[in-house]
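Engineer: Input: one structure, supplied below.
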Amino acid sequence: MESIIEYKKSIQERLDNADLLVTKTVNLNAKLESELKNKNQEIEQLRKEVASLKKTNQDLSTKCSQGDEDLEVIKDFFSHMVQVRVQTGSPYEDDQGLWFNISQGNNTISIDYKLGFVKGEVKNDNIGEQKEELSDIDKNKNTTEIIYVPLLKELSLDELKLLQEKLPSYMFETLSFPLDALNQFYSKMSKCLNKRTNK
């Protein structure tokens, strides 16, 4: 009789333990389901954010592409107006400063050159024969210095000869002058390129 009671007691303990384990498992499962639901919501939110960022990126790319096209139209317009063209690949920067590849001319003749924008002091001995042309500029003040480098290697002999007829000799050398004189430089170059030559 006593063994039966102990057996029943043992069975009851097992049942109680099983019930407790089931309860713990159910609670753990409910907790995990809740966490999974939250994670799924977070993932869905992140997907929406990624989709939104992709759309924003596409919109910006479209605007950037349109901006590039508009810039090319503006460059073409100004190139036609002032006969000066900033070439592809400009500007670029090195240890000296910021450089632009320029093409300036008309329907008959043009010259390619580099213009560098360099911080520093412009020295009179670098100006050479252009002193007379830019005499109203204070060449000793601290300013942004413009470096002019003519690019003549690609010219044919006929093109070079025509340029020599139109441009003063110092335009075939590397020059430096203050930023304030840049407009004068463009005007001088344009005037020389457009002047009539004696045949």
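Take 1 as the starting number for the sequence shown in UniProt numbering and just add one per residue.
C-beta atoms are modelled at their ideal positions from N, C-alpha and C, and glycine is treated no differently.
Just so it is clear, the structure is predicted and the values come from calculations on it, not from any experiment.
When you compare each of Asp16, Met189, Asp70, Asp19 to proline 168 by their alpha carbons, which one comes out closest?
Structural biologist: Considering only alpha carbons, the answer is Met189.
Engineer: Shortest alpha-carbon distance to asparagine 194 belongs to which of Glu145, Asp16, Val84, Lys119?
Structural biologist: Asparagine 194 has its Cα closest to that of Val84, out of Glu145, Asp16, Val84, Lys119.
Engineer: Could you compute how far the alpha carbon of asparagine 29 sits from the alpha carbon of arginine 47?
Structural biologist: The straight-line gap from Cα to Cα measures roughly 26 angstroms.
Engineer: Between the C-alpha atoms of threonine 143 and glutamate 44, what's the straight-line distance to the nearest angstrom?
Structural biologist: Rounded to the nearest angstrom, the two C-alpha atoms are 57 angstroms apart.
Engineer: Can you grab the Cα-Cα spacing for the pair cysteine 192 / leucine 162, in whole Å?
Structural biologist: One C-alpha to the other measures close to 11 angstroms.
Engineer: Does the region 105-116 come within contact of the region 70-77, defined as at least 3 CB pairs closer than 8 angstroms?
Structural biologist: As far as the Cβ criterion goes, the region 105-116 does not touch the region 70-77, which means the pair count is below three.
Engineer: Report buried or exposed for serine 176, applying the criterion of at least 16 other Cβ atoms within 10 angstroms of its Cβ.
Structural biologist: It is buried - the Cβ of serine 176 has at least 16 other Cβ atoms within 10 Å.
Engineer: Am I right that isoleucine 109 and glutamate 159 are in contact with their C-beta atoms under 8 angstroms? What's the rounded C-beta distance?
Structural biologist: Right, their Cβ atoms sit about 7 angstroms apart.
Engineer: Look at the alpha carbon of asparagine 126 and the alpha carbon of tyrosine 92, and state the distance between them as a whole number of angstroms.
Structural biologist: Bear in mind that the predicted position of asparagine 126 carries a pLDDT of just 44, short of 50, making it unreliable; the figure below should be weighed with that in mind. Cα to Cα, the separation comes out at about 24 angstroms.
Engineer: What residue range does the beta strand (DSSP E) around serine 103 cover?
Structural biologist: Looking at the DSSP string, the run of the beta strand (DSSP E) that includes serine 103 is 98-105.
Engineer: Along the beta strand (DSSP E) that carries leucine 175, what are the first and last residues, could you check?
Structural biologist: It spans 175-178 - the beta strand (DSSP E) in which leucine 175 sits, taken as one unbroken run.
Engineer: Per DSSP, what kind of secondary structure is leucine 155 in: helix, strand or coil?
Structural biologist: Three-state DSSP puts leucine 155 in coil, outside helix and strand.
Engineer: Quick one, which of Asp76, Gln184, Asp95, Gly97 has its alpha-carbon nearest threonine 88's?
Structural biologist: Selected option, being the one with the closest Cα: Asp76.
Engineer: What is the rounded straight-line gap between the Cα of proline 150 and the Cα of aspartate 68?
Structural biologist: Rounded to the nearest angstrom, the two C-alpha atoms are 28 angstroms apart.
Engineer: Could you please give the first and the last residue of the uninterrupted beta strand (DSSP E) stretch that includes arginine 85?
Structural biologist: Its beta strand (DSSP E) spans residues 84-86.
Engineer: Using only the alpha-carbon positions, how far apart do isoleucine 11 and glutamate 42 sit?
Structural biologist: Each residue's alpha carbon lies about 46 angstroms from the other.
Engineer: Under DSSP, the alpha helix (DSSP H) around cysteine 185 begins and ends at which residues?
Structural biologist: Per the sequence shown, the amino acid found at residue 185 is phenylalanine instead of cysteine. Unbroken alpha helix (DSSP H) run through phenylalanine 185: 182-194.
Engineer: Straight-line CA distance for lysine 178 to leucine 157?
Structural biologist: Looking at the sequence itself, residue 178 is proline, so the reference to lysine does not match. Roughly 32 angstroms between the two C-alpha positions.
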